[in-house]
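Here the structure comes first, spelled out in structure tokens, and everything after it is commentary.
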Amino acid sequence: MSRDPAVGYRRPMRGWWRRDPFFVRYMFRELTAVAVLVYAIVLTVGVVRLAQGEAAFNGWLQALRSPASLLLHAVLLLSMVVHAHSWFEIMPKTMPMIFVGGRRLAATTIQRVGWGAAVVVTVVVFAAALWARA
Amino acid sequence: MPDAGRTIEIQVLRYRPEQEDAPVWQSYTVPFSDDMSVLQGLQHIKDDIDGTLSFRWSCRMAICGSCGMMVNGKPKLSCQTFLRDLLPGPVRIEALAHFPIERDLVVNVDGFVKKLEGIKPYLIPKEPRTLAEGEYLQTPAQLEQIEQFSSCINCMLCYAACPQFGLNADFTGPGVLALLHRYNADSRDGGRAQRMEVLNAEEGVWSCTAVGYCSEVCPKHVDPANAVNQNKVNSAMDYFLRFLSPKGATR
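See below:
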């Protein structure tokens, strides 16, 4: 908030992200990046515990089964899905125009390809995990 | 002509620097008909109720880009926004967000114009061409690379939608960066190296955090978020190219 005769009256930016639902969604999207970070830390701890030996790693696995950990993982999973959604939503805007057969590729097509790739990778990872256990 | 008896309340954020230190809301009751735009509502106020109200307008058909303002908190061209869609009211009108208010709904656009000049928004031919050589030719595919970005009417709604510009007035901003891309992506243009300096700067594309609201509010479907974000790749390439080819980089 300031008044400068040469420039004009500057309105304050305080609380700007609450002014429009679009900004609230944007801030939520940015917040889900924290979930990605938290999950990366959880996995990194697992790798460190693995390096410390079998007992340490089993302790980490045990900790993952606690109710608090399960709740955290449910929240993280939901956040990751929201994060992926927002990521694919903005993806067409980050790419140069793509032409296939002389026609411009639609934003929805790019988003679907993104989702398709995410689903394929997820299925492959689960299949690999199941195969490793068997 | 307004229908007899139908009225709508229009609240306007007024700022008269000689009269008040901070903007104040003022309410007007305006007769309206179904075909009246917000701009026409304001014109009714100015002509018949309060001649001191200041606002910019010109073409009345979403071409000149003069009448941008916040209508119920959203950046809109007031000529393109209809009172019938805002029933039952009140309609709250404020000067374009993130710009300093000069008076009432008139904002200071000096910063915007300076940025616009800075990107050299005109074709800089690759090499001089004589009249005898004829016109520059472009394929439909080459035209498509620039066509949507050339639709910009400098209405600055995208700036009012950009919190990063609101937080840092030095940010070149969506509209000017989209126009920068419009010329850089033009097959006839040779001025890319001169513009990359603006694009590569901290205040260039890197101040954008991909909020994406600019593209949402653009009345001309320019999609400035696309122009800005695809140039983050170009800027990164420009940076790394300097290690491979001294001629490839701007500086």
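These protein sequence lines map, in sequence, to chains A and B.
Residue numbering for the first sequence follows this note's numbering, beginning at 39 and increasing consecutively.
Residue numbering for the second sequence follows this note's numbering, beginning at 377 and increasing consecutively.
Ideal Cβ positions, reconstructed from N, Cα and C, are used throughout, including at glycine.
What you are looking at is a predicted structure, and each value in this text was computed from that prediction instead of being measured.
Residue i, enclosing beta strand (DSSP E) - first and last residue
i: Ser403(B); result: 400-407
i: Glu127(A); result: Per DSSP, Glu127(A) belongs to no beta strand (DSSP E); it is in the alpha helix (DSSP H), 105-128.
i: Gly46(A); result: 46-48
i: Arg56(A); result: It is not in any beta strand (DSSP E) - Arg56(A) carries neither H nor E in the DSSP assignment.
i: Ile477(B); result: 477-479
i: Arg460(B); result: Note, Arg460(B): premise wrong, no beta strand (DSSP E); not H, not E.
i: Arg468(B); result: 467-470
For residue i, three-class secondary structure by DSSP
i: Ala171(A); result: As written in the sequence, residue 171(A) is Arg, which differs from the Ala given in the question. Residue state, collapsed to three classes: helix.
i: Lys422(B); result: helix
i: Met446(B); result: strand
i: Glu592(B); result: helix
i: Tyr64(A); result: helix
i: Gly417(B); result: helix
i: Ser434(B); result: coil
i: Asp565(B); result: strand
i: Ser454(B); result: coil
i: Leu389(B); result: strand
i: Val587(B); result: coil
i: Asp42(A); result: strand
i: Arg627(B); result: Caution applies to Arg627(B), whose pLDDT of 47 falls short of 50 and renders its modelled position unreliable; the model cannot decide the point.
i: Ile500(B); result: coil
i: Arg382(B); result: coil
i: Val138(A); result: strand
Cβ-Cβ distance between residue i and residue j below 8 Å
i: Pro595(B); j: Gln456(B); result: yes
i: Gly588(B); j: Ala603(B); result: no
i: Arg390(B); j: Val406(B); result: no
i: Ile439(B); j: Ile386(B); result: no
i: Gly481(B); j: Ile500(B); result: Before going on, a small fix: residue 481(B) reads as Leu here, not Gly. Not a contact, by the Cβ cut-off of 8 Å.
i: Val593(B); j: Cys534(B); result: yes
i: Ser611(B); j: Asn576(B); result: yes
i: Val388(B); j: Leu415(B); result: no
i: Val483(B); j: Ile477(B); result: yes
i: Ala473(B); j: Ala536(B); result: yes
i: Phe458(B); j: Met412(B); result: yes
i: Val581(B); j: Lys608(B); result: yes
i: Glu579(B); j: Phe547(B); result: yes
i: Arg564(B); j: Ser526(B); result: no
i: Pro43(A); j: Pro393(B); result: yes
i: Phe164(A); j: Ala517(B); result: no
Straight-line Cα distance separating residue j from residue i
i: Val120(A); j: Asp426(B); result: 49 Å
i: Asn530(B); j: His597(B); result: 13 Å
i: Ser104(A); j: Ile128(A); result: 36 Å
i: Arg142(A); j: Gln606(B); result: 15 Å
i: Ala156(A); j: Trp125(A); result: 11 Å
i: Lys131(A); j: Asp461(B); result: 30 Å
i: Leu114(A); j: Val80(A); result: 11 Å
i: Leu617(B); j: Gly91(A); result: 46 Å
i: Ser434(B); j: Leu75(A); result: 51 Å
i: Leu108(A); j: Asp599(B); result: 42 Å
i: Lys491(B); j: Cys584(B); result: 16 Å
i: Leu553(B); j: Gly139(A); result: 29 Å
i: Val45(A); j: Tyr404(B); result: 28 Å
i: Thr70(A); j: Ile522(B); result: 34 Å
Min CB distance residue i to chain C below 8 Å
i: Pro105(A); result: Protein chains A and B are contained in the structure displayed, whereas chain C is not.
Run of the alpha helix (DSSP H) containing residue i, from where it starts to where it stops
i: Lys351(B); result: What the structure shows of chain B is the stretch from 377 to 627, and residue 351(B) is not part of that stretch, so it cannot be assessed.
i: Gln100(A); result: 92-102
i: Leu556(B); result: 550-560
i: Glu509(B); result: Note, Glu509(B): premise wrong, no alpha helix (DSSP H); not H, not E.
i: Glu520(B); result: 516-523
i: Met613(B); result: 600-620
Is it the case that the region 530-547 of chain B contacts the region 50-59 of chain A, given that we only count it when at least three CB pairs across the two stretches are under 8 Å?
The region 50-59 of chain A, when compared against the region 530-547 of chain B, does touch it at the 8 Å Cβ threshold.
Determine, using beta-carbon pairs with one atom in the region 492-511 of chain B and one in the region 450-469 of chain B, whether at least three such pairs fall under 8 Å.
Not touching, per the Cβ criterion.
Quick one: any contact between the region 510-517 of chain B and the region 568-584 of chain B, if contact means 3 or more CB pairs under 8 Å?
Contact fails: fewer than three Cβ-Cβ distances are below 8 Å.
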